[in-house]
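Protein chains in written order, with this note's numbering: chain A, 1 to 395; chain B, 1 to 338; chain C, 1 to 307. We put the CB at the ideal spot given by N, CA and C, even for glycine. Nothing here was measured: the structure is a model prediction, and the numbers come from that model.
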């Protein structure tokens, strides 16, 4: 697609449109970091206003929305980190929530009455990321030498064990109750971080996402990013090009883990409590679904995908429940099935939906809902090739 | 057997007594094989003769059961990885024994015991040093186990100067032609993740220079103007060329080509063959070729080595090999030698 | 520890191990033939236990069946139904979730496998609810005979004998029959097998059928042994059974059986020593250690490391 000569523009209007489109597609390549900053600033500014408008204002107060957005931001961050592992390097990490948990507990140890320590939030962001990274390296170093699918099962096991350890080592973690009263951050300019005032969290999260996005874009367009993609495409060929596949994969794994740990620190500071049940397999699964639906390997697609899915699951399904509950529809019959929309709890079905979505996406639209230009080109070329083959057969 | 055509040029690659076994099957048996600098050497043989196995051992994809691969005079198999650790291995056993003697003294055991242990430690030290000099096979295995020695992996072979292509094309299908070549330059570039994240001068300089060099490699193999096409969308012949460009980008001293004209029509084959000659003369590269097409082999090679059932049965100039009765027998079956 | 206790614990370990071994066989067979970790396999096992529960309650059984003839009939029916249904489910999963992706990048079928796992869990959850459901224990749990004063439950002996019988049958099938040969040749080299006239699709479907049927049998056994089941049961059992498969040497059916019994001993041992809560962590640590130090497992041949 890319290499083919574009047909001459038919009229001035189309030419102008084409020029604008070219500019819009070139700009992010030339000034990527600036584009990210401007884009994030725009989104961050507009979201608090959008929720004041109907119909969204009917679903909650502005503060509730911002609180939700800050939580969504955590998942955006997680999805962007997992995207490095799954989307760029092609490794399946099914225990991603474990690093999230490690980051969260690290903060809880660093700043809570339980440990008696009070390390400020800002350095703890880096500490949490670093601790998670160390665990990522410890787990990845032995397993990344093996075939890719072993990593999937080992991370699955790790994701299962970490909450179990936090649950059972109750002397050090207070077991199922978790560690509560975790201190919330303090920052003079942004304001008071607290339950009643989600705006500082919201702004902080937006800033973290912007920084993470810039860094990840830079990594993707570099020697390292190309090495990740080469490993994803053909590991043996990548090794035969001089790439040390083990350390390169390990780096992707560690970056993913540290992003997750950073998200964990933020999450712990926001909820002010950590407990083992917050970090089950469903978190890993949800983040994976976000990455797959957003489009593996596409940073902004994954970020948007994560945001949309989080809002859908926290707001959409709830609204669907109350919508059908409010309608008071009588149950109707579909053959032998009786469907009572008012009694269906759509929240219960969210993981069924994720499961169906994962399978469906892999089968029908593996490039995700928001494919990167390259992935779309692949898809389109395949269709073209199919058409060309048919022509040949007919000729 | 051996042709007298060996020029007095230094060797790029040499295998000595190379043997590779898969379970009970001996795929390659005791092969001595040499590639002089600047030559195009072909490895031929009937199917299952062990050509690909040889190739994989040379490219670092699999370890030989026994034997050596020397590249530019250096052993490539079981080469030291963290050699500074080896002396640690020499002293550790003795230190352990001496620690025991100290412990015995602390525990209030008879002084004689401690003194005896000191002497034993000295003996252990001497024994390990002798072992290290004699280097029995198990000692090497021990070092490999501790990660002090390790076999060269494919990526290290590339860094040492061996580039390769694959029999069934293995491009990075969803990356552009330019990106494929840039991956080939991986070992030439130095910018790490931190450089990329901070966009340091090194990163920026390498990206600009790397891209222009990658373009030159693409132009060199005849793919000018195809830079931004995805590798999977290139026609078959161009994919073969791209593989060669990618291998050349790693600036190898030795280029391994695994059936590079497989599946090509005669005209494509002849342009490809011309490319080999050009690469050799212009880039001063040595080429090892595995090939089925006898016209290619006979047309381009300086030396031909014939394998059959894992053993080297002939070696020499194309003409010598062509006339060798054992080669004819291997290809056409027993009893066909007139 | 006296002899009686040792004997009892050994029987317990063998019983639990038999369940893991039956599940592990499915993992190892599927991995052997298409090199896919079938994450949904544990949930096939779980669904099997629910099918058993549904069948027995629908037939109106509440508890122990005293009449030996009826008991034998009902047991046979339960195994037949659970194994057939789960085998069919396995074939359907393969047909719709894995077959279309056979030539896709490795990541794609792994992701669908996780998706299928969640679909199965949630279907079961939406039908039977999220809390544990009791399964009629039609074999008397208390019935036992004594060996030197130590009570040995008939149920345990039944489970162990049944599992071993199924494993032997599987070995005979794979080793002696034409279809078994097709399976082995497909596992070694799919393309070559195809050239020799083996129908690849049928062979892979058959592998899924057998593996899933064995998981279904394990589901029945689990229901009879524990007397209850829950929709998340497949996850942990699956992880342990996979560890068993890796421990034995993935792709090796004898190894999977052996690995299952070893995991059974480890679990019973850690329970006996008072570390029940840590048994998962122990099993997982074993998985990592095996992968690091002996990735080919106890009985595995040297696998071609295709990077």
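With a beta-carbon spacing of about 36 Å, residue 107 of chain C and residue 66 of chain A fall beyond the 8 Å limit used to define contacts. Contact check for residue 62 of chain C against residue 231 of chain C fails: the beta carbons are separated by 9 Å or more.
Across the region 28-48 of chain B, no CB contact with chain A closer than 9 Å is found for any residue.
Taking the Cα positions, residue 294 of chain B is about 60 Å away from residue 161 of chain A. Scanning the region 247-284 of chain C for uninterrupted alpha helix (DSSP H) segments of 4 residues or longer gives 253-272, listed from N- to C-terminal end.
At a cut-off of 9 Å between C-beta atoms, residue 192 of chain B counts as an interface residue with respect to chain A. For residue 43 of chain C, no beta strand (DSSP E) run applies; the uninterrupted alpha helix (DSSP H) run containing it begins and ends at 41-58, by DSSP.
Within chain B, no C-beta atom comes nearer than 7 Å to that of residue 311 of chain A; the closest sits roughly 30 Å away. For residue 135 of chain A, the closest alpha carbon among the candidates A:256, A:114, A:290, A:361 is that of A:256. Under DSSP, residue 322 of chain A takes part in no beta bridge, so it has no partner. Under the 10 Å beta carbon count, residue 177 of chain C is surrounded by fewer than 16 other beta carbons and is classified as exposed. With its beta carbon less than 9 Å from one in chain A, residue 183 of chain B belongs to the interface.
Taking the CA atoms as reference points, residue 177 of chain B sits about 7 Å from residue 226 of chain B.
With a cutoff of 9 Å on beta-carbon distance, residue 112 of chain C and residue 359 of chain A are scored as near each other.
Taking a C-beta distance under 9 Å as the contact criterion, residue 98 of chain A and residue 284 of chain A qualify as a contact pair. Secondary-structure assignment with DSSP links residue 190 of chain C through no beta bridge to anything. Close partners of residue 288 of chain A in chain C (Cβ separation under 8 Å): 111, 114. If you draw a straight line from the Cα of residue 28 of chain B to the Cα of residue 223 of chain C, it is about 55 Å long.
Around the CB of residue 156 of chain B, 16 or more other CB atoms lie within 10 Å, so the residue is classed as buried. Put simply, the CB of residue 223 of chain A is near chain B, with a gap under 9 Å to one of its CB atoms. Taking a beta-carbon distance threshold of 9 Å, residue 47 of chain A does not count as an interface residue toward chain B. By the C-beta criterion, the region 160-167 of chain B is judged to be in contact with the region 257-266 of chain B, since at least 3 inter-stretch pairs fall below 8 Å.
The alpha carbon of residue 267 of chain C has as its nearest neighbour, out of C:139, C:243, C:290, C:77, the alpha carbon of C:243. For residue 242 of chain A, the C-beta contacts it makes with chain B under 7 Å involve 155, 158, 159, 186, 187, 250, in order along the chain. Listed in chain order, the positions of the region 191-212 of chain B with a beta carbon within less than 9 Å of a beta carbon of chain A are 191, 192, 193, 195, 196, 197, 198, 199, 203, 206, 207, 210.
In this structure, the beta-carbon distance from residue 84 of chain A to residue 214 of chain A does not fall below 9 Å. In the three-state reduction of the DSSP assignment, residue 31 of chain B falls in the strand class. From the listed residues B:326, B:330, B:286, the smallest Cα separation to residue 13 of chain B is found for B:286. Within the same chain, 219, 222, 223, 229 come within 6 Å of residue 49 of chain C by CB-CB distance, once the 5 residues on both sides are set aside.
Excluding sequence positions up to five before and after residue 121 of chain C, its CB lies within less than 6 Å of the CB of 43, 231, all in the same chain and listed in chain order.
Of the candidates B:43, B:264, B:36, B:43 places its Cα closest to the Cα of residue 312 of chain B. When rounded, the separation of the alpha-carbon atoms in residue 98 of chain B and residue 87 of chain B is 17 Å.
Residue 212 of chain B carries a helical assignment under DSSP once its states are collapsed to helix, strand and coil. Straight-line measurement puts the Cα of residue 212 of chain C at about 9 Å from the Cα of residue 84 of chain C. In the structure shown, residue 315 of chain B falls within a strand segment according to DSSP collapsed to helix, strand and coil.
In this model, residue 49 of chain A and residue 38 of chain A are separated by some 17 Å (Cα to Cα).
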